[in-house]
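In this note's numbering, each residue carries its 1-based index in the sequence shown increased by 53. All C-beta atoms in this analysis are idealised placements derived from N, C-alpha and C, irrespective of residue type, glycine included. This report refers to the structure that appears directly beneath it.
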Amino acid sequence: MLLGCCRFPLTSYVFANTRCRDKSRSGLSRKAATRQIHANNGEYNNNEKKVVIVGSGWAGLGAAYHLCNQGFDVTVLGDGYDFGDPDDVGIHGFWYPYKNIFSLVDELGMKPFTNWLQSAQYSKEGLEVEFPVLQDRPQLPAPLGTLFYTQFNRLPLADRLTSVPLMAAVIDFDNTDMAWRKYDSVTTRELLKQSGFSERLYQDVFGSLLQVGLCAPLEQCSAAAALGMLQFMAISHQGDLDMVWCRGSVKERIFNPWIELMSSKGCQFVDSKKVIDFSFDEETGCISDVVCDNETYKADAVILAVGISTVQELTKNSAALNTREEFLKVLNLAASDLVSTKLWLDKKIKIPFARNVCSSFDDSSGWTFFNLNELFDEHRNSPVTIVQADFVSIML
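Laid out in structure tokens, this is it:
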């Protein structure tokens with residue numbers, strides 16, 4: 054989310070302000086404290102636009118890398134995890150269509166990923182579906198390869214055939230504004246009912262697969278979002294559902310060397326900085342400062358590379374943002390609960406597939422579990438079994 058626009062900022066200075074409830078002028082929450090101003094060691098260079106990025110996950114580092122390569126003066130404010138969550142809560146697997154990430158690691162000379170993985174899906178009754186590495190199979194016209202090569206262990210053919218009418222909606226959804234308006238007003242659950250999905254197909258297979266992919270219960274999720282995900286990850290090309298994993302922590306394997314490279318190009322990384330507000334240049338109407346607890350970072354542009362919950366918290370607590378309609382609308386968005394756990398079992402247990410999707414015992418959540426002994430180099434020869442399980446619960 055881009056908060057600023059490229060303008061010359063105010064002259065660098067140190068200021069002390071008192072609390073001011075009047076937001077009509079600048080919208081800046083003012084505190085009786087002196088803050089250090091960061092602007093190229095106190096001197097601002099008008100020829101080099103300064104961008105401050107809040108957040109240090111994939112979005113933040115991706116934005117920093119692109120802007121750094123374009124010659125911008127970039128500062129990344131971390132969130133206290135030392136740039137990248139050590140437990141990799143967030144993106145896990147990397148699907149075949151993630152060409153931008155694969156191109157990035159090739160450009161950086163990294164080899165962080167496993168081979169393409171088989172995977173499975175479970176219901177409360179047991180193993181339901183086995184997904185092979187589809188790009189290794191003879192190519193069939195999409196989506197026939199995905200449907201033909203996927204092995205359904207329990208679901209009768211009659212139930213599987215009830216998914217065919219959904220293809221009409223998938224083909225009709227061409228990702229245009231008109232298509233989004235048509236399907237966005239319908240929930241995914243309603244669309245599946247209208248398409249004639251059998252209850253067993255929904256409960257044992259499709260419901261949990263979509264719920265994990267969309268991170269939301271299908272009764273609350275837009276049908277347009279579901280159709281877009283199906284096209285991107287499963288329908289457009291036979292191998293789109295194939296996935297690799299990082300062979301260790303994403304932070305250690307990708308983020309750390311990536312950050313070192315950007316630092317060598319002049320990008321600045323500042324950890325454990327809690328952003329509390331922003332200030333606007335009254336003449337331009339653009340953001341000119343990012344305000345932390347005891348420091349202020351000057352900027353021509355600001356990028357919020359954080360999740361919706363964090364943006365909502367910032368909006369509520371920021372005297373600058375809670376006067377702006379575009380940010381007040383963010384408060385209407387819902388978010389999902391995610392619980393991630395790691396289990397160390399005291400002996401080796403045979404787990405058929407390294408990557409697994411599961412349905413819950415009700416409609417409130419979906420979950421995944423991963424055999425880290427098969428995925429992480431550091432755990433491959435461990436005498437114990439290490440399993441990671443992630444649970445996506447109902448939207449808040």
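query                                                                                                         : result
Sequence-distant residues of the same chain with beta carbon closer than 6 Å to L244, five excluded per side  : A276
Those residues which DSSP pairs with Y118 across a bridge                                                     : Bridge partners of Y118: none, in fact.
Three or more C-beta pairs below 8 Å linking the segment 106–124 and the segment 350–364                      : yes
Burial state of L161 (16 or more Cβ within 10 Å)                                                              : exposed
Assigned secondary structure, M296 (DSSP; H/G/I helix, E/B strand, else coil)                                 : strand
Buried versus exposed, by CB contacts within 10 Å (16 or more), A387                                          : exposed
Three-pair Cβ contact test at 8 Å for the segment 155–172 versus the segment 183–190                          : yes
Contiguous alpha helix (DSSP H) assignments of at least 4 residues, all confined to the segment 362–416       : 378–381
Distance between beta carbons of Q441 and S393, contact taken as under 8 Å                                    : 7 Å
First through last residue of the alpha helix (DSSP H) which encompasses K246                                 : T241 to Q247
Simplified DSSP assignment, three categories, for V186                                                        : coil
Cβ pair count under 8 Å reaching 3, the segment 274–291 against the segment 229–244                           : yes
Per-residue burial, P196 [other beta carbons within 10 Å of its own, 16 or more giving buried]                : buried
Other residues of its chain near A112: CB distance less than 6 Å, five sequence neighbours each side excluded : A358
Burial state of D342 (16 or more Cβ within 10 Å)                                                              : buried
Own chain residues within Cβ distance below 8 Å of V364, not counting five before or after                    : M54, L357, F380 and V383
Inside the segment 256–304 only - alpha helix (DSSP H) runs reaching at least 4 residues                      : 260–267 and 276–283
Exposure label - V437; buried when at least 16 CB within 10 Å                                                 : exposed
Close Cβ partners of P165 (< 7 Å) along its chain, the five nearest in sequence each way excluded             : V158, C299, R300, R306 and I307
Straight-line gap, M282 to V223 (C-alpha atoms, nearest Å)                                                    : 10 Å
Residue range of the unbroken alpha helix (DSSP H) whose run includes T199                                    : L197 to Y202
Bridge partner(s) assigned by DSSP for K351                                                                   : D342
M315 vs C121 beta-carbon contact at 7 Å                                                                       : yes
Buried versus exposed, by CB contacts within 10 Å (16 or more), Y66                                           : Note that Y66 scores a pLDDT of 25, beneath 50, so its modelled location is shaky; the value from the coordinates is reported in the next line. Y66 comes out exposed.
As assigned by DSSP and simplified to three states, the class of L193                                         : coil
Rounded straight-line distance, which links the Cα of K103 to that of K351                                    : 8 Å
Residue range of the alpha helix (DSSP H) that includes F155                                                  : K152 to E160
Pick from L219, G115 and D132 that is closest to Q479, judged by C-alpha positions                            : Lying before the first or after the last residue shown, residue 479 is absent from the chain, which here runs from 54 to 449.
For G419: DSSP bridge partner residues                                                                        : S412 and V445
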